[in-house]
Amino acid sequence: MLGRTSLVVSFCTLVGCLAETSTDPTVDPGTGSDTGGGDPTAGTGDPGTLDLQVTKDLFRFGIVGDTRPAGIDGTSHYPKTIITKIYADMEAESPKPDFAVTTGDYMFARTNGTQATPQMDMYLNARAQFTGPVYYALGNHECTGATTSNCGPGTTTGSTKNFTVFMNRMIQPLGFNSPYYVVNFHGPANTWTAKLVVVAGNAWTPAQATWLETTLAKPTTYTFVARHESTTATTAPGVKPSTTIINKHPLTLLIVGHQHTYLHVPANKEVIVGNGGAPLVSQTSYGYGMVERRADGAIKFTELDYQTHAKLDSFVVRADGTPTN
Amino acid sequence: MACRGKTKPPIHVPGAVTVPATHSEIELDGEWEEPDWDRTAAREVFKLNGVDARPFSEIRLLHDADHLYVTLYAADENVRSSEKFDLTIGKLAIDINPQGHLTPAVPAIRTGADLDGTLDQETDDDEEWVIELAIPLSVLDGVNEGALPVHAGRCDVPRAGGVHCGAWDGKIVLGAG
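Listed in order, the protein sequences are those of chains A and B.
Position in the first sequence counted from 1, then plus 4, gives you the numbering used here.
Position in the second sequence counted from 1, then plus 12, gives you the numbering used here.
Laid out in structure tokens, this is it:
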């Protein structure tokens with residue numbers, strides 16, 4: 005039986021260093037071993053937890069939305085120019101964000117085809133423009149493509165090729181074995197704490213529900229939840245049940261995508277960032293979001309155009325998600 | 013002496029889009045699964061005032077010995093049966109709605125449609141709809157004689173209000189088959 009291991013790795017940015025103080029070990033899926041993580045259906049321990057120490061009060065991260073071609077297996081028209089520029093823009097932000105979080109949909113590929121890997125190659129080549137960590141959310145296109153799809157061990161669809169490519173190329177390099185996980189942040193001298201809770205709405209299981217309830221119950225100053233679909237995309241299997249759980253706990257900001265647009269929905273403490281290159285459904289531009297902790301403790305969000313760097317929108321919320329100036 | 017085995021050379025018209033030939037069977041289902049749609053087809057993005065229209069739309073074209081294949085893509089957050097593409101190729105002028113219905117009806121034209129979302133459901137969020145058409149070359153007067161003018165357009169009415177249009181206007185010639 006594997007036990008927990010401790011590993012200290014420092015990610016240094018212009019702002020300071022995020023020191024990784026512990027990481028859950030991986031476990032072979034399906035072995036049933038109680039290692040504190042791995043098989044999301046086992047329900048034993050945290051599927052994935054990362055604890056990071058932020059050495060300066062400025063806490064800043066980027067948000068990147070949906071990036072996929074218009075047509076299935078549309079590799080020749082993958083929006084690589086757009087997503088490459090978005091990640092290059094984030095790298096050039098001053099100060100540079102400590103990390104980025106994505107909202108899902110990195111491909112549009114047949115699950116019985118061959119295009120998931122080349123499209124993932126293009127995405128990750130673009131992502132390489134940004135030297136900080138990136139925490140990825142699972143999109144419906146990483147399952148079967150249908151919003152109603154549900155993938156992963158213990159689900160009726162199981163692990164499609166797209167899901168496997170997502171897990172192998174995006175999740176497992178983070179040290180996780182599950183598409184849902186949490187990253188905890190501790191401010192200087194622990195004066196504030198934050199958690200980034202990544203929910204997999206297209207890999208929904210009772211075990212994830214239990215994990216989400218337990219994870220959100222742990223108090224932190226700030227709680228950011230990332231999930232592919234928004235609150236209104238109720239045909240995704242995990243949206244309604246996760247929303248019910250989320251609504252029972254403190255929330256600073258719900259970060260979602262799926263709709264190929266940018267939209268702020270204050271009533272749901274929600275921001276939709278789905279404009280990372282996928283065909284736009286609205287008048288918004290392609291771009292990305294930036295989240296920043298202000299000196300007064302409020303959280304400022306800014307949406308930026310990827311070409312002009314113009315500010316498309318901004319808003320400020322308190323730690324409890326209520327609006328402020 | 014009859015010229016046997018000689019095919020008609022492709023027409024070259026400056027500024028015209030050459031429509032590639034496809035040698036695979038196109039299943040009219042709005043899915044674009046045939047590799048030629050991605051790798052070979054002529055592709056044009058709808059514009060408004062010289063920039064990509066928002067919401068996004070595009071047209072792709074292929075042909076074989078008997079048909080011009082046209083596919084139309086619409087990114088759409090709220091798909092309604094009242095929405096349409098308007099398509100003009102030479103003298104042919106039709107509207108096509110998200111269900112693939114043509115107005116006016118042209119029985120010779122076969123269509124297929126795919127919707128990622130729910131039709132006429134205002135309370136949820138849709139993604140896109142795709143139309144595929146197989147237009148017999150016999151319906152397109154002059155298609156083998158020179159470039160045909162094409163107009164493809166679409167106007168979208170988002171939930172936030174307003175009307176947002178985009179279009180592609182060009183000429184097409186059939187490439188070598």
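Backbone N, C-alpha and C fix where the C-beta goes; we use that ideal spot for every residue, glycine too.
Since the model is a prediction, treat every value here as computed from it, not as a measurement.
#1: Strictly by DSSP, which residues pair up with Arg72(B)?
#2: Mapping the DSSP letters down to three states, classify Asp181(B) as helix, strand or coil.
#3: Counting along the chain, where does the beta strand (DSSP E) carrying Arg166(B) start and finish?
#4: Under 7 Å Cβ-Cβ, which residues of chain B neighbour Pro283(A)?
#5: Give, in chain order, every unbroken run of the beta strand (DSSP E) that is at least 3 residues long and sits entirely within the stretch 86–132 of chain A.
#6: At 7 Å on the CB atoms, spell out the chain A contacts of Arg92(B), in chain order.
#7: Return the Cβ separation of Ala104(A) and Gly52(A) in integer angstroms, given the expectation that the two are a contact with Cβ distance under 8 Å.
#8: Under the rule that 16 or more other beta-carbon atoms within 10 Å means buried, what is Gly42(A), buried or exposed?
#9: Hey, could you find the ends of the beta strand (DSSP E) Pro148(B) is sitting in?
#10: Could you tell me which of Asn90(B), Asp64(B), Pro110(B) sits nearest to Thr201(B), measuring between CA atoms?
#11: Alpha carbon to alpha carbon, how far is Thr45(A) from Glu146(A)?
#12: Consult DSSP for Pro327(A) and reduce its assignment to one of helix, strand or coil.
#13: Restricting to Cα atoms, I'd like to know which of Ile276(A), Val203(A), His264(A), Val169(A) is closest to Pro183(A).
#14: Please report the straight-line C-alpha distance between Pro241(A) and Tyr91(A), rounded to a whole angstrom.
#15: Compare the C-beta of Ile76(A) against all C-beta atoms of chain B and say whether one is closer than 8 Å.
#16: Applying a beta-carbon distance threshold of less than 8 Å, which residues of chain A neighbour Asp136(B)?
#17: According to a CB-to-CB cut-off of less than 8 Å, which residues of the stretch 264–279 of chain A neighbour chain B?
#18: Which same chain residues end up closer than 6 Å to Ser289(A) when comparing Cβ atoms and leaving out the 5 residues on each side of it in sequence?
#19: If you pair each beta-carbon of the stretch 119–130 of chain B with each one of the stretch 29–37 of chain B, do three or more pairs fall below 8 Å?
#20: Would the beta-carbon of Thr256(A) fall within 8 Å of that of Gly325(A)?
#21: How long is the line joining the alpha carbons of Gly20(A) and Val243(A), rounded to whole angstroms?
#22: Taking the Cβ atom as the reference point for each residue, do Ala198(A) and Ala141(A) lie within a distance shorter than 8 Å?
#23: Closer than 9 Å, Cβ to any Cβ of chain B: which residues of the stretch 56–89 of chain A, in chain order?
Quick look at the numbers:
#1: DSSP, once it has assigned bridges, lists Arg55(B), Thr83(B) as partnering Arg72(B).
#2: strand
#3: Element bounds for Arg166(B): 160–168.
#4: Taking a Cβ-Cβ threshold of 7 Å, the residues of chain B close to Pro283(A) are Phe68, Ala87, Glu140, in chain order.
#5: 103–106
#6: Those within 7 Å of Arg92(B) in chain A number zero; the least Cβ separation is about 13 Å.
#7: Going by Cβ atoms, the distance from Ala104(A) to Gly52(A) rounds to 17 Å, so no, they are not a contact pair.
#8: With a pLDDT of only 33 at Gly42(A), under 50, the local geometry of the prediction cannot be trusted, and no value is derived from it.
#9: 140–148
#10: Because chain B here runs from 13 to 189, residue 201(B) falls outside it and cannot be looked at.
#11: Residue placement at Thr45(A) cannot be trusted, given a pLDDT of 33 that sits under 50; what the coordinates show is reported in the next sentence. If I take the Cα positions, the gap works out to 19 Å.
#12: strand
#13: Cα-wise, what sits closest to Pro183(A) is Val203(A).
#14: 30 Å
#15: yes
#16: Thr236, Ala237, Thr238, Thr239
#17: His264, Thr265
#18: Asp309
#19: They do not touch, by the three-pair rule.
#20: yes
#21: Annotation note: pLDDT 38 at Gly20(A) (below 50); position unreliable, coordinate value reported separately. The alpha-carbon atoms of Gly20(A) and Val243(A) are separated by roughly 35 Å.
#22: For the 8 Å CB-CB criterion, Ala198(A) and Ala141(A) do not form a contact.
#23: Pro73, Ala74, Gly75, Ile76, Asp77, Gly78, Thr79, Ser80, His81
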